[in-house]
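A short worksheet on the structure shown next.
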Amino acid sequence: MSRVIENPTELILSVAKKLASDEGLTGINMRTVAKECDIALGTIYNYYPTKMDLIIAIIESFWAECFSSLHTSYTQDLDFFQQLEYLYFYILKYLEQFKTNWLNDLSSLSTIHKQKGKQKEDEYMSHFIDLFTRLFQAHKHEFDPSLFNTFTEDELTHFIFSNFMMMLKNGDPNYEFFNSLLKRILISKGA
């Protein structure tokens, strides 16, 4: 008689995430995952038909956890610039857990697999853009009103988001330059 596994999808994913954390995404091996889960290899393939399906699930879980924990630790009592700085260092710290080995691993994936991973990442980035938009709108009163004669909220939000993400991807710890520049752009009267 076979044993019943309470939640095989979660068991497989949690073991795979641990392996990815320790050995990188390229260290994911379906046989090793099966052995660590103490289940048959065929069971793994029932839930994750390919290694890439499992890797995409790991990436998706990574972003879901990042946003979930962000929302539980996030405070709205700060001004726009303080909140943005908080978000930046929170996400930078979260990314550091995986950055050293995952970025190299992701770059070695095939084009099709990169596209699948990118599609999942884009889904989570849309949540992030929504957060930026809400943050911007909630603090719009802090900005120089003449700014909106020249630029739309969407243009400004996109500019901030794009630069924010570029700095995160580069792992740039020098946030002060970005913060000072934003203040000059957003609150300097007649700029």
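Anchor point for the sequence shown: position 6 equals 6 in UniProt numbering, and the numbering is continuous, going up by one each time.
Idealized CB from N, CA, C, for every residue including glycine.
The structure displayed is predicted, hence computed values, not measured ones.
Contact test: residue i Cβ vs the ligand COA heavy atom, cutoff 8 Å
i: Phe-62; result: Looking at this structure, you won't find the ligand COA or any other ligand, since it has none at all.
Cβ distance (whole Å) where residue i is taken to contact residue j below 8 Å
i: Val-15; j: Val-33; result: 5 Å
i: Pro-8; j: Tyr-48; result: Contact doesn't hold; Cβ gap of about 10 Å is too wide.
i: Ile-28; j: Ile-55; result: 6 Å
i: Leu-186; j: Phe-143; result: 5 Å
i: Thr-157; j: Phe-136; result: 5 Å
i: Glu-36; j: Tyr-175; result: 38 Å between Cβ atoms; not a contact.
i: Leu-81; j: Lys-183; result: Reading off the sequence shown, one finds Phe at residue 81, where the question assumed Leu. Correct: roughly 6 Å between the Cβ atoms.
i: His-141; j: Asp-79; result: So it is not a contact: roughly 11 Å between Cβ atoms.
Alpha helix (DSSP H) segment containing residue i, residue limits
i: Tyr-45; result: 41-47
i: Pro-8; result: 8-23
i: Glu-36; result: 30-37
Alpha helix (DSSP H) runs contained entirely in the segment 148-179, provided each spans 4 or more residues
153-170
Could you name each continuous alpha helix (DSSP H) segment of 4 residues or more that falls completely within the segment 55-100, going from the start of the chain to the end?
For the segment 55-100, not a single whole alpha helix (DSSP H) run of length 4 or above is found.
Please confirm if the segment 163-175 is in contact with the segment 63-70, defined as three or more CB-CB distances below 8 Å between the two stretches.
no
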